[in-house]
Amino acid sequence: MATNDGEGLEFIDEHSILVRADRDETWRALLRIVRTDLTGASWFVRALGVWPAETRGDWSSDPSGATLPGFAVSEVVAPTWLDLRGRHRFARYALVFELDEAGAGCTTVRARTFAVFPGIAGRAYRALVIGSRAHRWIVRRLLRRLARSAGAPKASTPGYFDGA
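To get my numbering, take the position in the sequence shown, counting from 1, and add 1.
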């Protein structure tokens, strides 16, 4: 497992889920869910000073160059890879989705987070978001919603998040 993203961001965590849908359908569901779930409240966006600050681009088919508050598409290889990056007052971060065919019309979706939290305020923010497990809850919720949107999650398989 990579300890950084090659651009100075440190590995934070990885979550995965096995989805009952082929990779193309899972990809379309990923774009829908990212577009709806990662759009933050405007007061929160302003308070954190996120970049980018607004939604732009095509999230329906080719998200190249698209943005959401706090996330810009850094790299996209449809239907296998979506790299989102952003920053705010307390952190720089990446949320990377990887979709792999898992046989029988299923797809494994991995969500990896990389980040740095500079300074004292950054360390406090990390404790608040990562230490409290809020980030873990948010990412796992996003994966559950993705699985429901694309198909039903399979029964628990060792090494895979089962939606619990």
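Even for Gly, the Cβ is constructed at its ideal location relative to N, Cα and C.
Next item on the list: Tell whether a beta-carbon distance below 8 Å holds between T37 and P53.
Entry: Against a cut-off of 8 Å, the Cβ pair of P53 and T37 comes out as no contact.
Next item on the list: Let me know if A148 comes out buried or exposed under the rule of 16 or more other beta-carbons within 10 Å of its beta-carbon.
Entry: Burial call: buried.
Check: In whole angstroms, what is the alpha-carbon distance linking A103 and A112?
Finding: Spanning the two alpha carbons is a distance of roughly 16 Å.
Check: Looking at the structure shown, is E11 part of a helix, part of a strand, or coil, going by DSSP?
Finding: E11: strand per DSSP, three-state reduction.
Next item on the list: Measure the C-alpha to C-alpha separation of V35 and L143 and round it to an integer number of angstroms.
Entry: Straight-line Cα distance between these residues: approximately 8 Å.
Notebook entry, point to check: Closest to T81 by CA distance: which of D25, S43, L39, S75 is it?
Noted result: Its Cα nearest to that of T81, the residue D25 stands out among D25, S43, L39, S75.
Next item on the list: Would you identify the three-state DSSP class for S150, choosing helix, strand or coil?
Entry: Three-state DSSP puts S150 in a helix.
Checklist line | Anticipated Cβ contact below 8 Å, L85 with W28, distance rounded | finding: Actually they are not in contact, since the Cβ atoms of L85 and W28 sit about 14 Å apart, beyond 8 Å.
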